[in-house]
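Protein sequences appear in the order of chains P and X.
Numbering-wise (my numbering), the first sequence opens with residue 13 and increments by one.
Numbering-wise (my numbering), the second sequence opens with residue 13 and increments by one.
Protein chains: 2
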Amino acid sequence: MPVTLKDIAEKVGRSVTTVSRALHDYDDVSPETKELVRRVAAEMGFTPNIMAQRLQKRRTDTIGFILPTFGPRFSDPFFSEFLAGVGNTAAKLGYDLLVSTCPPGEQELEFYREKVQSYRVDGFVIVRTRRDDTRIKYLSEINFPFVAFGRTENPAQHPYVDEDSELGMRLLANHLVDLGHQKIAFIAAPDHLMFTHYRLKGFREGLLERGILLDDSMIGIGDLTQRGGYAIAMELLDRPEPPTAIAACNDLMALGTISAAQEHGLVVGQDIAITGFDNIPLAEHCHPPLTTVHQPIYQIGEMVCEMLIKRIRREFVDEEQILLNPSLVIRQSCGGAITRR
Amino acid sequence: MPVTLKDIAEKVGRSVTTVSRALHDYDDVSPETKELVRRVAAEMGFTPNIMAQRLQKRRTDTIGFILPTFGPRFSDPFFSEFLAGVGNTAAKLGYDLLVSTCPPGEQELEFYREKVQSYRVDGFVIVRTRRDDTRIKYLSEINFPFVAFGRTENPAQHPYVDEDSELGMRLLANHLVDLGHQKIAFIAAPDHLMFTHYRLKGFREGLLERGILLDDSMIGIGDLTQRGGYAIAMELLDRPEPPTAIAACNDLMALGTISAAQEHGLVVGQDIAITGFDNIPLAEHCHPPLTTVHQPIYQIGEMVCEMLIKRIRREFVDEEQILLNPSLVIRQSCGGAITRR
DNA sequence: AACCGCATCCAAAACGTTTTGGAAACAAAT
DNA sequence: ATTTGTTTCCAAAACGTTTTGGATGCGGTT
Chain P
13 MPVTLKDIAE KVGRSVTTVS RALHDYDDVS PETKELVRRV AAEMGFTPNI
63 MAQRLQKRRT DTIGFILPTF GPRFSDPFFS EFLAGVGNTA AKLGYDLLVS
113 TCPPGEQELE FYREKVQSYR VDGFVIVRTR RDDTRIKYLS EINFPFVAFG
163 RTENPAQHPY VDEDSELGMR LLANHLVDLG HQKIAFIAAP DHLMFTHYRL
213 KGFREGLLER GILLDDSMIG IGDLTQRGGY AIAMELLDRP EPPTAIAACN
263 DLMALGTISA AQEHGLVVGQ DIAITGFDNI PLAEHCHPPL TTVHQPIYQI
313 GEMVCEMLIK RIRREFVDEE QILLNPSLVI RQSCGGAITR R
Chain X
13 MPVTLKDIAE KVGRSVTTVS RALHDYDDVS PETKELVRRV AAEMGFTPNI
63 MAQRLQKRRT DTIGFILPTF GPRFSDPFFS EFLAGVGNTA AKLGYDLLVS
113 TCPPGEQELE FYREKVQSYR VDGFVIVRTR RDDTRIKYLS EINFPFVAFG
163 RTENPAQHPY VDEDSELGMR LLANHLVDLG HQKIAFIAAP DHLMFTHYRL
213 KGFREGLLER GILLDDSMIG IGDLTQRGGY AIAMELLDRP EPPTAIAACN
263 DLMALGTISA AQEHGLVVGQ DIAITGFDNI PLAEHCHPPL TTVHQPIYQI
313 GEMVCEMLIK RIRREFVDEE QILLNPSLVI RQSCGGAITR R
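Written out as structure tokens, the structure is:
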């Protein structure tokens, strides 16, 4: 049914070769022929068959993005925004974006392997890097293009874009102590995730810089969801000596923490300080607005994607490792200087 | 570099045809040969070249999902959850999911056309249907498979999954009046979106059933974001006679409304009732928890995807139009019966 | 007249699969 | 001895493109 090169060739009385070359503006085709071919192609509504092109060129013009996510009900605003950044950039540069989800674990690598071997994608975007990340190890080993949002502990350097969240958290910790807080809790996430590792580390050091030791009993391990943050905060606030400040390692858990505090009858930003990390859109519009560290997720998505495509095309990439500087966003949830308690 | 059928054929001393047929378990291949071919294929790490398969079979095993979204900073939890439902189902049934974003408008149709003509996808998932939806018109016309989340006003029926949000809103309106509210405002969204149309309609009728006329001056038109809901709510609450209840047509705007009310010193659920629609995860964990109408977005994603794939495969679909019953989720944000003001 | 350079064209191969339409070998039935 | 049927195999075509390696003709130089 659809129009092929052959159809055009027959119509204009030239060979398929010539038609193809005319459409690609090769200079061994006369201007008149080019003109003719182009006109007829447009008239007939020709669109090249992508699969045939891809087969022939041995590339897919597709980049893969496998969301490492558990269970059905995931809804991290992070992902949709990052996805938009990657997707739009990919489209702009002529690439498709192939998305799937796979819970982290055993079969994850199988997923990647399958996509690589069956020529389904030209490269991968990796997110939620882990301290020891088998995905990155695998792709490095077989020398398959990828760019990660986040670093790993693997000594072999790989291309990445990341924010220096260690620094961000250090600044935040400084800020909390400067406001007068002493009993400070931290809601972390599983330590094998690189970014929570950095954030906890930065927080701990930031407190230490001001002479405060982060008590291990004041560290909760959450699952990055609102519900998770809520549960841990409830537990922290039920203690005989509850913290006066709680820093969560992402905004979603911070929002849960706010709910927990309000349920305890506390006025957030006055009776208790709560902070997050990410600066998701919600952070600005919750009540009270959340003090957090900004992370330009959409832009990071763009950068990662652009870098990946450059690598795929073997173009020159001037910076293979990009570390962005974080910026503190002080809002009402951490209040002014502490006075009571 | 990668292993092809030809490589296997040479190794086992059979033809490419036989190898292909052996791997597909055709019964004109002897058990011994099958066994041999399979073993060697596994040994050599054979994975079929997808592009070649697709070219030959004239299908892509890919479904398209074009997010109709404006600007960079979009972050509707709706999308990520729906996406997960669609994506996981697609993967389970052996399909790829091709995602891109395109702002609604002129070029949108071009996007679809291009993907159709170049054989990039076998079908589309459509979301955010509009009263007069050119995407659906186009795809129906050329008889290209698609399934929509949402209905349209086009008389020609198309396959869809939708929730009866008119009913949901009617119940919600009943509930608010039963709590004693009289001055009630509604935050809608642009009327060309089918779902906001239904929701406004249902709300209006629900009030009418209880003898209350929804005042046009009490209807704001938002952009479905938290920020938008906030702005409209601020305006409503600044009036000399502010509403005692505000119903937003989605949760995100309801959350913005809560912020606005709190900024006005109101205790939500006590001084004012606020309701949403969708029951996004955030609705449960904000403060106070949001009264809303549940919409099983992940499951709808699954259903839409499953239905689409059945249509692509020309399998029997017993229900082409599925309308789900909504269920009210009463939480604290609308409080008990109204007493003050 | 022979050669060269140039402009324009194209047949055939290649990418890796699946499908089509038999062929070959053998056993069983007539 | 021929036919019929069964089992197992395969060459070749097809999907629609791009690339390779010339071929052809023509005007201009020697």
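Heads up, the beta-carbon is just placed ideally off N, CA and C, and yes, glycines get one too.
None of the values given here were measured: they were computed from a predicted structure.
- For Thr-101 (chain P), the uninterrupted alpha helix (DSSP H) segment begins and ends at 89-104.
- Taking Phe-156 (chain X) as the centre and dropping the five residues before and after it, the same chain places the C-beta of Val-128 closer than 6 angstroms to its C-beta, in chain order.
- Residue-level contact check: Met-63 (chain X) touches chain P, since one or more beta carbons of chain P fall below 7 angstroms from its beta carbon.
- About 12 angstroms separates the CB atoms of Met-246 (chain P) and Ala-197 (chain P); that is not less than 8 angstroms, and the two are not in contact.
- By the CB criterion at 7 angstroms, Val-41 (chain X) and Lys-23 (chain X) fall outside the cutoff.
- Ranked by Cα distance from Ala-257 (chain P), the first of P:Val-341, P:Asp-108 and P:Leu-249 is P:Leu-249.
- Not one beta carbon of chain X lies nearer than 7 angstroms to the beta carbon of Val-305 (chain P).
- The segment 251-266 of chain X makes contact with the segment 186-201 of chain X: 3 or more CB pairs, one atom from each, lie closer than 8 angstroms.
- The CB of Gln-129 (chain X) comes closer than 8 angstroms to the CB of Pro-14, Gly-57 and Thr-59 in chain P, given here in chain order.
- In the structure shown, Leu-278 (chain P) adopts coil according to DSSP, grouped into three states.
- Assignment of Leu-226 (chain P) by DSSP, reduced to helix, strand and coil, places it in the coil class.
- Going by DSSP, Leu-109 (chain P) is part of the beta strand (DSSP E) stretching over 108-113.
- Annotation: Phe-136 (chain X) to Thr-72 (chain P) spans about 20 angstroms, alpha carbon to alpha carbon.
- Residues of the segment 268-299 of chain X whose Cβ lies closer than 8 angstroms to any Cβ of chain P, in chain order: Gly-268, Ile-270, Ser-271, Gln-274, Glu-275, Ile-292, Pro-293, Leu-294, Glu-296, His-297, Cys-298 and His-299.
- Ile-292 (chain X) and Pro-89 (chain X) have their C-alpha atoms some 7 angstroms from each other.
- Rounded to the nearest angstrom, the gap between the Cα atoms of Leu-267 (chain P) and Asp-263 (chain X) is 16 angstroms.
- Contact note: Pro-116 (chain P) does not reach chain X at a C-beta cutoff of 9 angstroms; the least C-beta distance is about 15 angstroms.
- Looking at the backbone, the Cα of Gly-223 (chain X) and that of Met-181 (chain X) are separated by about 16 angstroms.
- Around the beta carbon of Ser-177 (chain X), 16 or more other beta carbons lie within 10 angstroms, which makes this residue buried.
- Rounded to whole angstroms, the separation of the alpha carbons of His-306 (chain X) and Val-280 (chain X) is 20 angstroms.
- Interface criterion not met: the Cβ of Tyr-124 (chain P) is under 7 angstroms from no Cβ in chain X.
- Beta-bridge partners assigned by DSSP to Ser-339 (chain P): P:His-306.
- By the C-beta density criterion, Thr-81 (chain P) is buried, having at least 16 other C-beta atoms within 10 angstroms.
- Among the bridge pairs identified by DSSP, Glu-175 (chain X) is matched with X:Leu-336.
- Listed in chain order, the non-local C-beta contacts of Glu-332 (chain X) below 7 angstroms within the same chain comprise Pro-171, local neighbours out to five positions each way being set aside.
- Just measuring C-alpha positions, the residue of X:Val-133, X:Thr-164, X:Thr-45 and X:Glu-153 sitting nearest Asp-144 (chain X) is X:Thr-164.
- Chain P has a Cβ within less than 7 angstroms of the Cβ of Gln-238 (chain X).
- Contact annotation, Met-56 (chain P) with Asp-19 (chain P): C-beta distance approximately 7 angstroms; criterion of less than 8 angstroms satisfied.
- Asn-155 (chain X) has a beta carbon lying at 7 angstroms or more from every beta carbon in chain P.
- DSSP places Ala-201 (chain X) in the coil class of the three-state scheme, outside both helix and strand.
- Any Cβ of chain P closer than 7 angstroms to the Cβ of Phe-91 (chain X) would place that residue at the interface, and such an atom is present.
- The DSSP-derived three-state label of Val-137 (chain P) is strand.
- Per DSSP, the beta-bridge partners of Leu-79 (chain P) are P:Thr-113.
- For the options X:Pro-14, X:Arg-50 and X:Val-15, the alpha carbon positioned closest to that of Thr-30 (chain X) is the one of X:Arg-50.
- The segment 300-316 of chain X makes no contact with the segment 146-155 of chain X, as fewer than three CB pairs between them are under 8 angstroms.
- Where Thr-146 (chain P) is concerned, there is no enclosing beta strand (DSSP E), although the alpha helix (DSSP H) around it starts and stops at 146-153.
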